[in-house]
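Visitor: With our numbering applied, the sequence shown corresponds to residues 67 to 137, in that order.
Take this structure, written in structure tokens, and hold onto it; I'll ask about it next.
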Amino acid sequence: MVVGIFRTNICTQQDKLAIINAIRTQFDSDCTIDIEDCDKVMRIVPGSLPVAENDIIQFVGNMGFRCELLD
């Protein structure tokens with residue numbers, strides 16, 4: 067994955083920061099989440115190691131949020 071773009075249901079600033087910090091720690095990837103967008107868009111830019119889209123989807127799902135690839 068070069069840049070992953072996902073639709074989520076992350077709505078609060080607190081949840082946004084928790085997800086961003088968890089993804090940065092777990093996957094060594096940069097993460098942004100636009101909670102103002104209707105799709106709550108999350109963008110992932112991998113660091114030095116590749117990241118599988120399904121790993122991100124499962125990880126965010128395990129944290130209690132919906133996450134799917136944005137078409």
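Think of the CB as a built atom: it goes at the ideal place given N, C-alpha and C, for glycine as much as any other residue.
Nothing here was measured: the structure is a model prediction, and the numbers come from that model.
Let me know the beta strand (DSSP E) ranges lying completely inside the region 79-123, each 3 residues or longer, listed in chain order.
Guide: 95-100, 107-112
Visitor: Measure the alpha-carbon distance for residue 90 versus residue 97 and round it to whole angstroms.
Guide: 7 Å
Visitor: Take residue 134 and list the residues in its own chain whose beta-carbon comes closer than 7 Å to its own, dropping the five residues that flank it on each side.
Guide: 72, 73, 123
Visitor: For residue 70, name the three-state secondary structure that DSSP assigns.
Guide: strand
Visitor: Compare the Cα-Cα distances from residue 115 to each of 105, 93, 69, 136 and report the closest residue.
Guide: Checking every option, the nearest Cα to that of residue 115 belongs to 93.
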